[in-house]
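There are 2 protein chains.
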Amino acid sequence: MNQLQQLADRIISRVNVNLDEFGFDTEPFVTHALDHEKMLKFYAFYGITSHHPIYFHFKNSNIAGSYFLGKCYVGRSAIYKSDIRGDELKRKGDKIRSTKEIPLVEDEMITIRDSLLYKTLVHSNSHNPESPEEFGIRNTISSHYANIHGSTLEGCFLGPFATVDLMNLHSCIVGDFSYIQVGELFHRKIEPGTIWIRNQHFEFKFKYDTTALDYFVGVNDAFQPRGIMYDFVKNREADYERLFEVMNLEPVEAPFTSAVNRYAVIQGDTHIGENVLVAQRAFLENAEMGEGSNAQENTYIINSRLADMCITAHGGKIIHADVGQGCFVGFNAFLNGKETARIQLGEGCIIMPHTIMDPEEPIHIAGDHLIWGLIRTQADVKTHAISLDDLAEVRDSLTIGKMTFNGKGSVFIETFKNRLQNILLLNGALYNNGEKRGHAQDDQNISFNIIQPYRTGELEGLYPSIRIKP
Amino acid sequence: MNQLQQLADRIISRVNVNLDEFGFDTEPFVTHALDHEKMLKFYAFYGITSHHPIYFHFKNSNIAGSYFLGKCYVGRSAIYKSDIRGDELKRKGDKIRSTKEIPLVEDEMITIRDSLLYKTLVHSNSHNPESPEEFGIRNTISSHYANIHGSTLEGCFLGPFATVDLMNLHSCIVGDFSYIQVGELFHRKIEPGTIWIRNQHFEFKFKYDTTALDYFVGVNDAFQPRGIMYDFVKNREADYERLFEVMNLEPVEAPFTSAVNRYAVIQGDTHIGENVLVAQRAFLENAEMGEGSNAQENTYIINSRLADMCITAHGGKIIHADVGQGCFVGFNAFLNGKETARIQLGEGCIIMPHTIMDPEEPIHIAGDHLIWGLIRTQADVKTHAISLDDLAEVRDSLTIGKMTFNGKGSVFIETFKNRLQNILLLNGALYNNGEKRGHAQDDQNISFNIIQPYRTGELEGLYPSIRIKP
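So the protein sequences, as listed, match chains A and D. Residues are numbered in this note's numbering as their position in the first sequence, beginning at 1, plus a constant of 4. Residues are numbered in this note's numbering as their position in the second sequence, beginning at 1, plus a constant of 4.
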């Protein structure tokens, strides 16, 4: 048996042992996902800058088509067309908030072992105070367009378009298109389409109607995605090809305070403002990016205008929309406006992660609203939105449609807004005269090491061990 | 001072100390050669195959535009647009011929320390029995299109187009366009245009008239090359650009027993026969490559036909020529035929390294001749060639024109022919039904890791440390 097959088998058996209690078998997913021909075809790339600590080490792995930045270790894993973006890792001496303030004894590093990540984004820093120097992913499989955001994982399976945010998971299954941010989870199975945020102060919960969701995103028996959201991204895959074919692209016109990653697609009549970050694998077509706005990994901004200081979180899709100043469009949100059914968001709106808007008519959402769930008509807005002012009044609990909220609304809003402010700061949106540098300034001038596999022989498809240090 | 400048200064001082006795100052060469902008611009590449031991390690270096294959270590050096091709390194257990048969305790590795190699080719294995596991280059500067072939160097300077072959040099200066293969040399200065082969059995010596040579290749005060040979290569530099711009080139049509390196230029009506090797940075235009023939690094074959089993050694240039079966065209030979002054070589000719033919009229050389020096007319052939039959008769010494030979001609021919046979074998020219594999078979399917420098900051222009292992 060749080494690539051995690698796949090892991952299957490791993850299966962890998920045995659910009778869950990862074999169909792995067998279907790992196309050995494609794993030979695509190169991986590691970003070199003077602004990020450099350490990259991997062995016994295939990392076809993947992007790495910052400090990373990969062992006995398959990381296929994934983004492992370590530019927000904590650094030596940084203190983590916990019961005590613990300083890091060395730079944090992303470590991925015995895992399969498929078109997955790994980003930010670990929010697991038990391992502040290690953002660890182990014995885990994550599938198409999953987001592993500041979350350590052990023995888990993430379905397509699933997001785990600022968490710590052990032996869990997270269904497709679920977003969870609930601290720590052990031995849990999260049903598809669950949106769940919980901490000691509040809890937000919404679950999609399975039949309704299925039209947008669902999976077959091998956990391969289908639905119009998946079709949407799949139909645009070919537009990325040129980025990988050409070594030196003509740079996109942008202010010198902004970063447009060379692995982003920029098409049509697109304008980039000051302090803008356009991350790798972002897709902009006829897009206007206001000052300080960003388009993170796997985002699509098409025929749309973003005013200043807007955040498009990983996987967010904004089509035929006008987005007011200071809006947040969460992870994997799918704002699928049409030419005849445009979406208008007022200033300061918060589109919750994994929100779907698929309008049949023009939709207008007033400023300073929180939006969730599935919206197709203007009437749907009533049961899927609340003004931040009204939410701030909530002291105990609130139910609107299928959404339930428990806790103090004002604390929820404050926590959310603080996080958004921090995202803007980290992304360089607030850069001014050399102060408050962020990704938009530090992620310019990245040069990429390109890493290739053995093409023949016993090790065909595996990559040789590589270690890059300063 | 930035780190790149510190690197240059360290190399200058190290080499100057070694060449102090000659009053030789390398500063003008280094300062002129190291264009920091260009050292930022070009990436380096390391070849991955299943047929060669893999080990690549470097640190504190710039390796802009360089090609690496096999086992290599580079430290505190600038390797600019050079080819470090380690596919003929000895391997663990191989025995080297010396007074005793010594087996290697580990694979041989090319190690380059505190050196500047500029568009230099390093190839083959070290013929220094004192360090069989290390092909070492240290405190050394080599300039444009120098060939370091199986030669260890310490404290040396090689001028443009100089070749050191199967040697071991300490504190030597080798002038431009000199070819030497004389075993071991200490503290010697070799004048430009010296062709010198010597071992315990024979000696071959020829020296170009400096004024005549100057038209073809010479240097200025900073040891930068000039002359029509340099112009010839410089005028074709732009043709290589596309190779570096595009990631996946459409493959050149060639039999599956042949290797055409993806960093070779193939133009016009070019045909590749069976068992042919076309190495990186070879340049073929309207070229016909007969079965088992090869075009090694930095060779140019233009409007020419090579019959079967021809060898074009590193840097050989064949223009408007018909080359008979089994011919050898040595290192940096410049066969500059014209449309109206074509060069015809009969079968089995040996064009000595660094031979120049620049005909004003058609030139015909009968089969089985040895050719050297500068030939412009048919009449010149008389004083720059000898039939191998006549040479085989020489028992003691021979002088023809400015060439002197001492020793037994038959031993010289036998030694040469054995070496040519070995070159054909190593290059895969004799491959048949899975037997006698060589570079033409093993150097297919190379995938390349692409290695880039820091683009900004204190380390601007340096490459991060990298180590690649199986």
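Yeah, the Cβ is synthetic: ideal placement off N, Cα and C, and Gly gets one too. Being a predicted model, the structure only gives us computed values, none of them experimental.
For Glu-364 of chain D, does the count of other Cβ atoms within 10 angstroms reach 16, so buried, or fall short, so exposed? Under this definition Glu-364 of chain D is an exposed residue.
Run down chain D in chain order and give the residues with a C-beta less than 8 Å from the C-beta of Glu-249 of chain A. For Glu-249 of chain A, the residues of chain D that pass the 8 Å Cβ criterion are Val-250, Met-251, Asn-252, in the order they occur in the chain.
Thinking just about the alpha-carbon of each residue, which of A:Phe-452, A:Asn-453, A:Trp-200, A:Leu-434 is nearest to the one in Gln-445 of chain A? Minimum Cα-Cα distance from Gln-445 of chain A among the listed residues A:Phe-452, A:Asn-453, A:Trp-200, A:Leu-434 corresponds to A:Leu-434.
Where do the ends of the beta strand (DSSP E) carrying Lys-63 of chain D lie? Residues 59-63.
Can you check which of these residues, D:Val-264, D:Phe-338, D:Thr-381, is closest to Pro-357 of chain D by C-alpha distance? Among D:Val-264, D:Phe-338, D:Thr-381, the Cα nearest to that of Pro-357 of chain D is on D:Phe-338.
What are the boundary residues of the beta strand (DSSP E) that includes Phe-287 of chain D? Counting along the chain, the beta strand (DSSP E) containing Phe-287 of chain D begins and ends at 287-293.
Touch check for the region 92-107 of chain A and the region 117-126 of chain A: three-plus C-beta pairs under 8 Å? Segments in contact, no.
Can you give me the Cβ contacts of Lys-321 of chain A inside the same chain, cut-off strictly under 6 Å, excluding the 5 residues immediately before and after it? Apart from the 5 residues on each side of it in sequence, Lys-321 of chain A sits with its Cβ closer than 6 Å to the Cβ of Tyr-304, Phe-338 in its chain, given in chain order.
Quick one: measure Cβ to Cβ for Asn-143 of chain D and Thr-167 of chain D, integer angstroms, because I've assumed they're closer than 8 Å. Their Cβ separation, rounded to whole angstroms, is 20 Å, which puts Asn-143 of chain D and Thr-167 of chain D out of contact at 8 Å.
Leaving out five residues before and five after Ile-141 of chain D in sequence, what residues of the same chain have Cβ atoms less than 6 Å from its Cβ? Within the same chain, Ile-141 of chain D has close Cβ partners Ile-116, Ser-119, Leu-157.
Quick one: Cα of Ile-199 of chain A to Cα of Phe-208 of chain A, how far? Rounded to whole angstroms, Ile-199 of chain A to Phe-208 of chain A spans 8 Å at the Cα level.
Is the shortest distance between the beta-carbon of Lys-63 of chain D and the beta-carbons of chain A less than 9 Å? Residue-level contact check: Lys-63 of chain D touches chain A, since one or more beta carbons of chain A fall below 9 Å from its beta carbon.
Taking the alpha carbon of Ala-383 of chain D as the reference point, which residue from D:Leu-395, D:Asp-393, D:Glu-397, D:Asp-362 has its own alpha carbon closest? The shortest C-alpha separation from Ala-383 of chain D is found at D:Asp-362.
Can you tell me which of A:Asn-336, A:Gly-319, A:Gly-341, A:Glu-257 puts its alpha carbon nearest to the alpha carbon of Asp-326 of chain A? Asp-326 of chain A has its Cα closest to that of A:Gly-341, out of A:Asn-336, A:Gly-319, A:Gly-341, A:Glu-257.
Does the region 449-461 of chain D come close enough to the region 297-311 of chain D that 3 or more CB-CB pairs lie under 8 Å? In this structure the region 297-311 of chain D does not touch the region 449-461 of chain D; the number of beta carbon pairs closer than 8 Å is below three.
CA-to-CA distance, Gly-296 of chain D to Leu-430 of chain D, given in whole angstroms: Roughly 11 Å separates the two Cα atoms.
Taking any Cβ of chain A, which residues in the region 437-462 of chain D have a Cβ under 9 Å from it, in chain order? For the region 437-462 of chain D, the set of positions with a beta-carbon nearer than 9 Å to some beta-carbon of chain A reads Gln-448, Asn-449, Ile-450, Ser-451, Phe-452, Asn-453, Ile-454, Ile-455, Gln-456, Pro-457, Tyr-458, Arg-459, Thr-460, Gly-461, Glu-462 in chain order.
With distances taken between CB atoms, is the gap from Ile-306 of chain D to Phe-332 of chain D smaller than 9 Å? Not in contact: Ile-306 of chain D and Phe-332 of chain D (Cβ atoms no closer than 9 Å).
Neighbouring residues, chain A, relative to Pro-468 of chain D (Cβ below 7 Å): Result: Ile-52, Ile-58, Ile-472, Lys-473, Pro-474.
Could you check how far apart the C-beta atoms of Glu-249 of chain D and Val-250 of chain A are, in whole angstroms? I think they sit under 8 Å. Rounded, the Cβ-Cβ distance is 6 Å, consistent with contact.
Quick one: measure Cβ to Cβ for Ile-390 of chain A and His-373 of chain A, integer angstroms, because I've assumed they're closer than 8 Å. In this structure Ile-390 of chain A touches His-373 of chain A by the C-beta definition: roughly 7 Å separates them, less than 8 Å.
Can you give me the Cβ contacts of Gly-371 of chain A inside the same chain, cut-off strictly under 7 Å, excluding the 5 residues immediately before and after it? Excluding residues within five positions, the ones whose Cβ falls inside 7 Å are Gly-328, Gly-350, Glu-351, Gly-352, Cys-353.
Comparing the C-beta of Glu-41 of chain A with each C-beta of chain D, is any distance below 9 Å? The beta carbon of Glu-41 of chain A does not come within 9 Å of any beta carbon belonging to chain D, so the residue lies off that interface.
Could you tell me which of D:Glu-289, D:Cys-314, D:Gln-271 sits nearest to Asn-279 of chain D, measuring between CA atoms? Cα-wise, what sits closest to Asn-279 of chain D is D:Cys-314.
Interface flag, Glu-241 of chain D vs chain A, CB-CB below 9 Å: For Glu-241 of chain D, the answer is no, since every Cβ of chain A falls outside 9 Å of its Cβ.
Under 9 Å between C-beta atoms, does Glu-110 of chain D make it to chain A? Glu-110 of chain D does not count as touching chain A.
If you follow the alpha helix (DSSP H) that Lys-123 of chain A is in, where does it begin and where does it stop? Here Lys-123 of chain A belongs to no alpha helix (DSSP H), and DSSP marks it neither H nor E.
C-beta contact flag for Leu-125 of chain A and Gly-319 of chain A at 9 Å: Annotated as proximal: Leu-125 of chain A and Gly-319 of chain A, with beta-carbon spacing under 9 Å.
For Leu-2 of chain D, count neighbouring C-beta atoms within 10 Å of its own C-beta (all shown protein chains included) and say buried if the count is 16 or more, exposed if not. This structure cannot settle anything about residue 2 of chain D, because the visible part of chain D is limited to 5 through 474.
Just to confirm, are Leu-288 of chain A and Tyr-267 of chain A a CB contact at a threshold of 9 Å? Taking the C-beta atoms as reference points, Tyr-267 of chain A is found no nearer than 9 Å to Leu-288 of chain A.
In the DSSP assignment, find the unbroken alpha helix (DSSP H) run with Thr-35 of chain D in it and report its ends. That run of the alpha helix (DSSP H) goes 31-37.
Along the chain, where does the beta strand (DSSP E) containing Thr-408 of chain A start, and where does it finish? Per DSSP, Thr-408 of chain A belongs to the beta strand (DSSP E) from 407-411.
Go ahead and label Arg-89 of chain D buried or exposed: buried means 16 or more other beta carbons lie within 10 angstroms of its beta carbon, across all protein chains shown. The C-beta of Arg-89 of chain D has 16 or more other C-beta atoms within 10 Å across all chains shown, which makes the residue buried.
Are the region 403-422 of chain A and the region 217-233 of chain A in contact at 8 Å, needing three or more beta carbon pairs? Segments in contact, no.
Identity of the residues DSSP links to Asn-453 of chain D by a beta bridge: Asn-453 of chain D is bridged to D:Tyr-50.
Kindly indicate if chain D contains any beta-carbon less than 9 Å away from that of Tyr-267 of chain A. For Tyr-267 of chain A, the answer is no, since every Cβ of chain D falls outside 9 Å of its Cβ.
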